Amino acid sequence: MIIDGKSIANEILESSKIKIKSFKVLPCLAAVVVGDYEASAIYVRNKARVCQQVGIEFLKYKFPSNIQQKKIIDLIKKLNSDKNITAILVQLPLPRHIDKRTIIESISPLKDVDAFTSENFSKAVLKNSNFWPCTPSGIIHLIKYTGIKIESSNCIVIGRSEIVGKPLALALLNLDASVTICHSKTINLTQRCIGADILISAVGNPKLVTENMVKPKAVVIDVGINYLDGKLCGDVDFEKVSKIASYITPVPGGVGPMTIAFLIKNILTLYENNLRTNES
Ligand code: NAD
């Protein structure tokens, strides 16, 4: 079965929209963009569109690629103390001369919508908070949607990035799965993947996952976003793997819309947490 990420995401967006209508003050997301990455421009546009759709204010702050790191940090400090801004994201990647970790750590954890700061990330992992990076959250939601039992399942996560692979593997571990992380230095990827009940690829390499790597009836989640012959595709050879998987996500229309739905969910979590803190 094909997992329809778009319609599952729409359910989340609809319920968020209803919730936002009851707020006296609207949440506001500030997006910091540095440079002219084509993909980033598309992602930021999509985030702005969905914020508008559900009634969240959206402000974009754009810097040229040769900007000094200090200027970005100065802006983030201003956004941290601005009461009208309830959530902040810095669109990745950043130019090479900028230290990504320094920039992320300058975001107040109270406004860090991506849960990338070490404070929010460690709370997620060690305290099992409900506030995780958006893509891993969206993926866990999709897996739960299939009804497959995560507890005691064999999960293989291909990719170990800080925004997808690593947090996802830890989230699955917190749900009592047995998790293996594979990456660019992994030897014999096929051998490792074949035992997976749940196989997730977050690499960015078209047709990396072929049918001989997939156990019959496995759940396959494709996070990759690639272009092959001018067409958008994931990491998985969808045509062949979909014949043996029990559930599979398409690209587009799988994980992508879930990432944005969980961005909205995270904006609301921050908003409600901050309201609670201000009231107490
Ligand atoms: P990244 O480049 O930071 O990480 C890629 C990972 O893949 C690395 O950990 C690397 O070790 C691993 N890798 C590279 N080649 C490999 C190989 N041959 N075998 C096994 N592992 C290999 O990327 P990222 O930011 O994690 O994103 C991964 C993909 O997911 C990209 O295509 C990106 O566009 C996409 N993405 C999609 C969404 C979404 O919402 N759908 C969100 C984030 C990222």
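Per the working numbering, the sequence shown starts with residue 11, numbered consecutively. Yeah, the Cβ is synthetic: ideal placement off N, Cα and C, and Gly gets one too. On a predicted model such as this, the values are computed, not experimentally measured, just so you know.
Would you give the residue range spanned by the beta strand (DSSP E) that residue i belongs to?
i, result
"Asn56", "Here Asn56 belongs to no beta strand (DSSP E); instead the alpha helix (DSSP H) covers Glu48 to Val64."
"Ala41", "Cys38 to Val44"
"Asn283", "Careful: Asn283 lies outside any beta strand (DSSP E), inside the alpha helix (DSSP H) at Val265 to Glu289."
"Asn236", "Asn236 to Leu238"
"Lys241", "Lys241 to Cys243"
"Leu69", "Glu67 to Phe73"
"Leu136", "No beta strand (DSSP E) holds Leu136; the alpha helix (DSSP H) holding it covers Ser128 to Lys137."
"Val219", "Val219 -> no beta strand (DSSP E), and no H or E assigned at all."
"Ile98", "Ala97 to Val100"
For residue i, verify whether its CB is less than 8 Å away from any heavy atom of the ligand NAD.
i, result
"Thr220", "no"
"Val60", "no"
"Met268", "yes"
"Arg55", "no"
"Leu180", "no"
"Thr145", "yes"
"Lys275", "no"
"Lys195", "yes"
"Ser171", "yes"
"Asp245", "yes"
"Ala271", "no"
"Asn236", "yes"
"Ala49", "yes"
"Leu199", "yes"
"Asn215", "yes"
"Gly263", "no"
"Ala19", "no"
"Ile168", "yes"
"Cys165", "no"
"Ala212", "yes"
"Cys38", "no"
"Gly148", "yes"
"Val174", "yes"
"Val230", "no"
"Val233", "yes"
Report, in whole angstroms, the separation of the C-beta atoms of residue i and residue j, which I expect to be a contact under 8 Å.
i, j, result
"Gly169", "Val213", "5 Å"
"Ile149", "Leu178", "6 Å"
"Ile204", "Lys225", "6 Å"
"Val123", "Ile258", "So it is not a contact: roughly 29 Å between Cβ atoms."
"Leu242", "Val261", "6 Å"
"Ile13", "Tyr155", "7 Å"
"Lys57", "Leu273", "6 Å"
"Phe73", "Val44", "5 Å"
"Ile98", "Val167", "27 Å between Cβ atoms; not a contact."
With residue i as the anchor, note down where its alpha helix (DSSP H) starts and where it stops.
i, result
"Glu293", "This structure does not reach residue 293, given that the chain is present from 11 up to 290, and the question cannot be answered."
"Glu161", "Segment: none, Glu161 is in no alpha helix (DSSP H) and carries neither H nor E."
"Leu84", "Correcting the residue identity first, residue 84 is Asp in this sequence and not Leu. Taken as a continuous stretch (DSSP letters only), the alpha helix (DSSP H) holding Asp84 covers Gln79 to Ser91."
"Ile30", "Gly15 to Lys31"
"Ser211", "Element bounds for Ser211: not the alpha helix (DSSP H) but the beta strand (DSSP E), Ile208 to Ser211."
"Lys188", "First, the amino acid is wrong: residue 188 is Ser here, not Lys. Where Ser188 is concerned, there is no enclosing alpha helix (DSSP H), although the beta strand (DSSP E) it sits in stretches over Ser188 to Cys192."
"Ile231", "No alpha helix (DSSP H) holds Ile231; the beta strand (DSSP E) holding it covers Val229 to Asp232."
"Lys250", "Phe248 to Val251"
"Thr112", "Lys110 to Glu115"
"Arg202", "Leu199 to Cys203"
Just to confirm, does residue i get its C-beta within under 8 Å of one of the non-hydrogen atoms of the ligand GDP?
i, result
"Ile113", "By its list of ligands, the structure shown excludes the ligand GDP, since it contains just the ligand NAD."
Can you give me the Cβ contacts of residue i inside the same chain, cut-off strictly under 7 Å, excluding the 5 residues immediately before and after it?
i, result
"Pro119", "Thr127, Glu129 and Asn130"
"Ser139", "Lys133"
"Leu180", "Val135"
"Leu85", "Val42 and Tyr71"
"Pro146", "Val174, Pro177, Leu178 and Ala181"
"Asp46", "Ser75"
If you drop the 5 nearest sequence neighbours on each side, which residues of the same chain put their C-beta closer than 6 Å to that of residue i?
i, result
"Cys165", "Leu182, Ala187, Val189 and Ile208"
"Lys217", "Asp247"
"Ser116", "Ile83 and Ile86"
Can you list, in chain order, the residues of its chain with a C-beta nearer than 8 Å to that of residue i? Leave out the 5 residues immediately preceding and following it.
i, result
"Gln62", "Phe68"
"Glu221", "Asp247, Lys250, Val251, Lys253 and Ile254"
Taking contact to mean 3 or more Cβ pairs, one atom from each stretch, closer than 8 Å, check whether the segment 26-42 and the segment 80-89 are in contact. Contact between the segment 26-42 and the segment 80-89 is present, because at least three Cβ pairs lie under 8 Å.
Three Cβ pairs or more, each shorter than 8 Å: is that satisfied between the segment 52-70 and the segment 29-38? The answer is yes - the segment 29-38 touches the segment 52-70, with three or more Cβ pairs under 8 Å.
Is the segment 104-118 close to the segment 224-236, with three or more CB pairs under 8 Å? With fewer than three CB-CB distances shorter than 8 Å, the segment 104-118 does not count as touching the segment 224-236.
With a threshold of 8 Å, are at least 3 pairs of Cβ atoms found where one atom belongs to the segment 265-272 and the other to the segment 12-19? Short answer: they touch.
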